[in-house]
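Colleague: Please see the structure below; I have some questions.
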Amino acid sequence: MRPDGISMSAQIETSKSLHEVRYEIRGQLAQRAHEMERQGFEIISLNIGNPGLFGFRTPETMRMAMIENLPASEAYCHEKGIFPAREAVVMQQQERGVMNVTAEHVFIGNGVSELIDLALRALLNTDDEVLIPSPDYPLWTAAVTLNGGKAVHYPCPPENDFQPDLDTLAGLITDRTRALVIVNPNNPTGAVYTRETLETMVALAEQHGLVIFSDEIYDGMVYDDAEFVPIAPLVKNTLCGTFSGLSKVYRACGFRVGWVAFSGTNELAEDYLHGLDLLASLRLCSNVPGQWGVQTALGGYQSLKELVRPGGRLYESRKAVIDGVAASEYLSLVTPGGSMYAFIGANRDKLPDFDDHEFALELLESQHVLIAPGSSFNVDYNNYFRITILPEAQVIEDVFRRMHEVLG
Ligand SMILES: Cc1ncc(COP(=O)(O)O)c(C=O)c1O
1 MRPDGISMSA QIETSKSLHE VRYEIRGQLA QRAHEMERQG FEIISLNIGN
51 PGLFGFRTPE TMRMAMIENL PASEAYCHEK GIFPAREAVV MQQQERGVMN
101 VTAEHVFIGN GVSELIDLAL RALLNTDDEV LIPSPDYPLW TAAVTLNGGK
151 AVHYPCPPEN DFQPDLDTLA GLITDRTRAL VIVNPNNPTG AVYTRETLET
201 MVALAEQHGL VIFSDEIYDG MVYDDAEFVP IAPLVKNTLC GTFSGLSKVY
251 RACGFRVGWV AFSGTNELAE DYLHGLDLLA SLRLCSNVPG QWGVQTALGG
301 YQSLKELVRP GGRLYESRKA VIDGVAASEY LSLVTPGGSM YAFIGANRDK
351 LPDFDDHEFA LELLESQHVL IAPGSSFNVD YNNYFRITIL PEAQVIEDVF
401 RRMHEVLG
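When the letters of the sequence shown are read in order and numbered with our numbering, they come out as residues 1 to 408.
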């Protein structure tokens, strides 16, 4: 009892449903970095792929579309999103040869993040299994767990250039498996999957009646001769949800706009799509102003191309990472073919005791560089770490100098 007579309440504990949920990329290391920033240190934060923080701008026409339509953005919109945005996604699917997607099959969300949660919540019963790549994008694992399912990780190991180990994947399918998650181009590894790999994965999903959830938020963000192959045109005999959004390719993380388009066996998925519609209705609608950017983003000139070709900002930063690793006796890299990350390995023969968390902490404390330890991405090895390639090339060169202060 407090002196004023109000009884002291017991500790307020978090829901047990959170006990198995991890998101270390914004965890303790990031908190320590914030603390150091408050003390006046300048931290180079390479832990999150947030283009706006590194001077990238959203295409001007997207900003104009949003400003022009602000007066029309004050009311809730349709729970699935505004029609022109959904129709633009339909047209993108048609350009890819996917003809059975209508605006009814497209849901706009507050980023892909919200849709990952909704799509899984509408699907999963307790202990249903979902196949997720390892390394993973941790939200997929967290969202499966939060929705009562069981994340089963299929290996995409470094010795296989971070490509999925398809035999192991096939062996992980059980009669509880409901869905197969594919992240292509990949975060955190930058791997880009070939058509043959995707065809094998589609065949497995079709054979076992698994829903395919393909996270293509880095769609088209590929370098050199890597080719981005959208999965939807390959899927005929099961349901396929293709996720993408404005955050990365259109450098508009803060707009919070993503979408999922369902194709394949839509006609067999009416019940599921109704469930998703119900969940979308419960959250009323997603952020309206940002949705006005979708039509202008997807139509016409794709400014991303300038960034990923030689001389382009992303291309040159990625090259600085490749060169930085090549010049190091301690580090190794499977050259990322796409996305905005590099998953860098510490060579065990030179650094037998390397521990990703210890390295990340020391790099932060002594060199003021924040990275994401590889074991934050659900892998069973601890000699990798992820950086985003978003800073200017000369910043990346400086980062490698700082890393060597710690490594050497
Ligand atoms: C693979 C992947 N999926 C989804 C997201 C979430 O994106 P959004 O900003 O659309 O919520 C990210 C963000 O980094 C990502 O890397």
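Where a beta carbon is used, it is the ideal one built from N, C-alpha and C, also for glycine.
1) Contact between the stretch 212 to 229 and the stretch 374 to 390: three or more CB pairs below 8 Å?
2) Quick one: which unbroken alpha helix (DSSP H) runs of 4-plus residues sit fully inside the stretch 96 to 133? Chain order, please.
3) Below 8 Å, can you find three or more Cβ-Cβ pairs linking the stretch 101 to 108 to the stretch 67 to 85?
4) How far does the beta strand (DSSP E) with residue 214 in it extend, from its first residue to its last?
5) Mind checking whether the beta-carbon of residue 139 lies closer than 7 Å to any heavy atom of ligand 1?
6) For residue 214 and residue 113, I'd like the C-alpha separation in whole angstroms.
7) If you draw a straight line from the alpha carbon of residue 85 to that of residue 30, how long is it in whole angstroms?
8) Hey, is the stretch 171 to 180 in contact with the stretch 311 to 327, meaning 3+ C-beta pairs nearer than 8 Å?
9) List the residues that DSSP assigns as beta-bridge partners of residue 140.
10) What are the partner residues of residue 332, as DSSP defines its beta bridges?
11) Comparing alpha-carbon positions, which option in 406, 377, 400 lies nearest residue 142?
12) Applying the criterion that 16 or more other CB atoms from any shown protein chain within 10 Å of the CB defines a buried residue, is residue 41 buried or exposed?
13) How about residue 49: is its Cβ closer than 7 Å to a heavy atom in ligand 1?
14) Helix, strand or coil: which one does DSSP assign to residue 57?
15) Residue 263 bridges to which residues according to DSSP?
16) What are the boundary residues of the alpha helix (DSSP H) that includes residue 170?
17) Identify whether residue 274 lies in helix, strand or coil by the three-state DSSP scheme.
18) Kindly confirm or deny that the stretch 115 to 135 and the stretch 260 to 272 touch, where touching means at least three C-beta pairs closer than 8 Å.
19) Given a cut-off of 8 Å on the beta-carbon distance, is the pair residue 43 and residue 33 in contact?
20) Rank 373, 365, 369, 131 by C-alpha distance to the C-alpha of residue 345 and give the top, closest one.
21) Checking the sheet assignment: what are the DSSP bridge partners for residue 442?
22) Is it true that the CB of residue 27 sits closer than 8 Å to the CB of residue 111?
23) Between which two residues does the beta strand (DSSP E) carrying residue 183 extend?
Modeller: In short, the structure shows the following:
1) no
2) 111 to 121
3) yes
4) Counted from its first residue, the sequence shown places residue 214 at position 214. Residues 211 to 215.
5) In the sequence shown, residue 139 corresponds to position 139, counting from 1. Yes, the Cβ of residue 139 comes within 7 Å of a heavy atom of ligand 1.
6) Here the question's residue 214 lines up with position 214 in the sequence shown. Here the question's residue 113 lines up with position 113 in the sequence shown. When rounded, the distance between both Cα atoms is 13 Å.
7) The residue labelled residue 85 in the question sits at position 85 within the sequence shown. The residue labelled residue 30 in the question sits at position 30 within the sequence shown. Their backbone Cα atoms lie some 35 Å apart in a straight line.
8) no
9) In the sequence shown, the residue the question calls residue 140 occupies position 140. Bridge partners of residue 140: none, in fact.
10) Here residue 332 corresponds to residue number 332 of the sequence shown, with the count starting at 1. According to DSSP, residue 332 bridges with 345.
11) One-based indexing of the sequence shown puts residue 142 at position 142. That would be 377, whose Cα lies nearest to the Cα of residue 142.
12) As a working mapping, residue 41 is identified with position 41 in the sequence shown. Answer is exposed; the Cβ neighbour count stays below 16.
13) As a first step, residue 49 must be located in the sequence shown, where it is residue number 49. Yes, the Cβ of residue 49 comes within 7 Å of a heavy atom of ligand 1.
14) Counting from 1 along the sequence shown, the entry for residue 57 is found at position 57. In this structure, residue 57 counts as coil in the three-state DSSP scheme.
15) Here residue 263 is taken as the residue at index 263 of the sequence shown, counted from 1. The partner list for residue 263 (beta bridge, DSSP) reads 240.
16) As a first step, residue 170 must be located in the sequence shown, where it is residue number 170. Its alpha helix (DSSP H) spans residues 166 to 171.
17) To locate residue 274, count along the sequence shown from 1; it is residue 274. Three-state DSSP puts residue 274 in a helix.
18) yes
19) Start at 1 with the first residue of the sequence shown, and residue 43 comes out as number 43. Start at 1 with the first residue of the sequence shown, and residue 33 comes out as number 33. Yes; because the gap between Cβ atoms is below 8 Å, this pair is in contact.
20) By 1-based counting over the sequence shown, the position of residue 345 is 345. Among 373, 365, 369, 131, the Cα nearest to that of residue 345 belongs to 373.
21) No answer is possible for residue 442: the residues shown for the chain start at 1 and end at 408.
22) Here residue 111 corresponds to residue number 111 of the sequence shown, with the count starting at 1. Here residue 27 corresponds to residue number 27 of the sequence shown, with the count starting at 1. Contact flag unset, no.
23) Start at 1 with the first residue of the sequence shown, and residue 183 comes out as number 183. Here the beta strand (DSSP E) through residue 183 covers 177 to 183.
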